[in-house]
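Participant: Residue numbers (the working numbering): 27 to 182. Idealized CB from N, CA, C, for every residue including glycine. Owing to the predicted nature of the structure, the values given are computational and were not obtained by experimental measurement.
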Amino acid sequence: MPRPTQPYIKLNGEWIYLYRAVDSVGNTIEFLLRKHRDASAAKAFFRKAFRNNAIPEKVTIDKSGSNISALNSANKDLPEDKQIEVRQIKYLNNIIEQDHRFIKKRTKPMLGFKSFNSARVTITGIESIRIIQKGQIIGSNDNISTFANFAMLMAS
């Protein structure tokens with residue numbers, strides 16, 4: 027199998043999918059690691075994202091049919107004036123595509139993972155550090171280092 031583009035992660039020689047959501051300015055909203063990229067995985071990701079954050083007005087996605095079916099399913103449960111606008115415009119998805127590179131930068135030298143749990147824990151750590159680097163933590167200080175912000179977070 028040819029090497030897939032982002033956001034796939036290698037697990038025991040097979041590729042697994044990393045669902046990620048960022049807002050319009052690049053802040054991380056949610057992430058979820060799944061073995062398959064299908065409708066049930068997309069529904070699980072969007073349920074998690076909507077549960078932990080507000081339901082968005084608009085969502086920009088790639089051409090994945092599973093994402094469309096998951097969002098259409100979510101829209102069925104919402105009143106018409108609260109439904110999510112789904113956009114599949116090629117270049118609007120660039121913010122998340124650019125954000126994937128930081129994950130790949132850390133995982134590529136690892137040459138893959140041996141267990142799903144170790145991949146999940148490692149990706150959670152990488153994403154957490156990226157959230158701190160982006161200054162998304164309440165009370166973080168842009169004038170100090172990422173490590174100092176991390177230490178301040180751990181001390182509180």
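In terms of residue numbering, what span does the alpha helix (DSSP H) encompassing E123 cover?
Facilitator: Counting along the chain, the alpha helix (DSSP H) containing E123 begins and ends at 120-133.
Participant: Less than 8 Å between the C-beta atoms of I115 and L44, yes or no?
Facilitator: No, the Cβ-Cβ distance between I115 and L44 is not below 8 Å.
Participant: Closest by CA to V85, which one among K108, D64, D168?
Facilitator: Comparing Cα positions, the closest option is K108.
Participant: Within 10 angstroms of its Cβ, does T133 collect 16 or more other Cβ (buried), or is it exposed?
Facilitator: Classification for T133: buried.
Participant: Contact between the region 61-71 and the region 146-156: three or more CB pairs below 8 Å?
Facilitator: Flag = no, the region 61-71 and the region 146-156 do not touch.
Participant: Which residues in the same chain have their Cβ closer than 6 Å to the Cβ of E106, if we skip the five residues on either side of it in sequence?
Facilitator: Answer for E106: no residue qualifies.
Participant: Return the first residue and the last residue of the beta strand (DSSP E) that V112 is part of.
Facilitator: Counting along the chain, the beta strand (DSSP E) containing V112 begins and ends at 111-113.
Participant: Do you know whose CA, among E56, G52, F57, K61, lies nearest R42's CA?
Facilitator: The residue asked about is misnamed: residue 42 is Ile in this sequence, not Arg. Comparing Cα-Cα distances from I42 to each of E56, G52, F57, K61, the minimum goes to K61.
Participant: Between which two residues does the beta strand (DSSP E) containing K84 stretch?
Facilitator: Element bounds for K84: 84-86.
Participant: Cα-Cα, which of F76, F173, E40 is closest to R46?
Facilitator: Comparing Cα positions, the closest option is F76.
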